[in-house]
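Using this note's numbering, the letters of the sequence shown map in sequence onto residues 200 to 453. Every residue, glycine too, gets a C-beta built ideally from N, C-alpha and C. Predicted model, so just to flag it, every value in this text is computed and none were measured.
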Amino acid sequence: MTWIDSHSHHYLSNLSVLSELKEKGLEGIVSASWIPVRPSGETTIHDLFEWVVEVEKVRLDRVGIAHYPAIGIHPRCIPPQGLQAALSYVEEFLAQPSVKALGEVGLETGDEIEMEVLELQLRIAKRLDKPAIVHTPRKNKAVVTAKVLKLLDRVGIDPSLTVVDHVTSEIADDVRRSGRWMGLTVQPAKLTVEDAVKIAMKYDGSMIMANTDTSTELSWPLGVYDLEQSLNSIGAKEVARMVVYQNARSFYRL
Ligand SMILES: [Zn+2]
């Protein structure tokens, strides 16, 4: 049984944890950019990208886990100064062939600056033909997600190249109607395994990817593994393969 964590921040996890996950079949990790502090300027953004893209690769090689980096300015990581330079780093790193996607980008409160930074980054991804991982918040989820979907349409980025992440049953139908991918985050404060099973089964696993979004917050690094076990136990083996492995391979072009 092999699986891919299609969105996480495991560069914040120690190597012993990663080596245990490898034993449980973790084949690859999509490492999305985020740090738990608002960067004071563009140099922090640059260093974060270098960490996620270059330093993390060396570390994951040591435990035999494939490394799929994503870079982007998270809505909670918009620097108060040096934004133009930070955006130029997004362009510079995203153009590298080893960088699989823009992310994690999105909206937290949905205010004007977040909208502007998201739009500018999506335009870069569109120009470079790279997929994008788009965050939706816990608070005010339906309203902010509606804003996200509207903005994605306005930018005209291909639906097949965008995953709307942290989907719950509250927004699943809206995301499905938009024709964009769904990210299911199995994590204590986001989705239980049971919730994720329900959504995966409702849409037969199509255009759905599971992730753990493991970070410094309460996380469950085996969430994707548990989801696969749970889907297998109800005989939904094909749905399981798609959601924990195959769909990530096709979305991120691995
Ligand atoms: Zn995340």
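Could you pull out every residue in the same chain whose Cβ sits closer than 6 Å to the Cβ of residue 281, ignoring the five residues on either side in sequence? As a first step, residue 281 must be located in the sequence shown, where it is residue number 82. Same-chain partners within the cutoff: 240 and 241.
Check whether the Cβ atoms of residue 264 and residue 228 lie closer than 7 Å to each other. Walking along the sequence shown from the start, residue 264 turns up at place 65. Walking along the sequence shown from the start, residue 228 turns up at place 29. Yes. Within cutoff.
Selected residue, minimal CA-CA separation from residue 386, among 219, 418, 371 and 393: Residue 386 sits at position 187 when you count from the first residue of the sequence shown. It is 418.
Write down the C-beta distance between residue 285 and residue 270 rounded to the nearest angstrom, noting that I regard them as a contact closer than 8 Å. On the sequence shown, position 86 is the one that residue 285 refers to. On the sequence shown, position 71 is the one that residue 270 refers to. Going by Cβ atoms, the distance from residue 285 to residue 270 rounds to 11 Å, so no, they are not a contact pair.
With the cut-off set at 7 Å, would you say residue 234 and residue 225 are in Cβ contact? Position 35 of the sequence shown holds residue 234. Position 26 of the sequence shown holds residue 225. No, the Cβ-Cβ distance between residue 234 and residue 225 is not below 7 Å.
Tell me, please, whether the stretch 307-326 touches the stretch 248-261 by the rule of three or more beta-carbon pairs shorter than 8 Å. Taking 8 Å as the limit for Cβ pairs, the verdict is that the stretch 248-261 does not touch the stretch 307-326.
In the DSSP assignment, find the alpha helix (DSSP H) that holds residue 446 and state where it starts and stops. What you label residue 446 is simply residue 247 of the sequence shown in a count that begins at 1. First-last of the alpha helix (DSSP H) with residue 446: 446-450.
Residue 404 beta carbon less than 7 Å from that of residue 438: Taking the sequence shown and counting its residues from 1, the one referred to as residue 438 is at position 239. Taking the sequence shown and counting its residues from 1, the one referred to as residue 404 is at position 205. The criterion of a C-beta distance shorter than 7 Å is satisfied by residue 438 and residue 404.
Residue 212 - DSSP class collapsed to helix/strand/coil: Position 13 of the sequence shown, counting from 1, holds the residue named residue 212. Looking at residue 212 - three-state DSSP - the assignment turns out to be coil, as it is neither helix nor strand.
In chain order, which continuous runs of the beta strand (DSSP E) of length 3 or greater are located wholly inside the stretch 390-430? Scanning the stretch 390-430 for uninterrupted beta strand (DSSP E) segments of 3 residues or longer gives 407-410, listed from N- to C-terminal end.
DSSP has residue 207 in a bridge; who is on the other side? Sequence index remark: in the sequence shown, residue 207 carries index 8 (1-based). BP columns for residue 207 point to 230.
On the premise that residue 374 lies in contact with residue 430, defined as a C-beta separation below 8 Å, what is that separation, rounded to the nearest angstrom? The residue labelled residue 430 in the question sits at position 231 within the sequence shown. The residue labelled residue 374 in the question sits at position 175 within the sequence shown. That pair is no contact at about 20 Å.
Taking CB distances under 7 Å as the criterion, tell me whether residue 353 reaches chain D. The question asks about chain D, but that chain is absent: this structure has only one protein chain.
Hey, residue 206 and residue 446: beta-carbon distance below 7 Å or not? Residue mapping note: residue 206 aligns to position 7 of the sequence shown, counting from 1. Residue mapping note: residue 446 aligns to position 247 of the sequence shown, counting from 1. In this structure, residue 446 does not lie closer than 7 Å to residue 206 by Cβ.
Which residue spans inside the stretch 340-390 form an unbroken alpha helix (DSSP H) run of at least 4? 340-354 and 368-377
When you compare the stretch 303-323 with the stretch 340-357, are there three or more beta-carbon pairs, one atom per stretch, that lie closer than 8 Å? yes
Give the secondary structure of residue 236 by DSSP, where H, G and I count as helix, E and B as strand, and everything else as coil. Position 37 of the sequence shown holds residue 236. The answer is coil: DSSP assigns residue 236 none of H, G, I, E or B.
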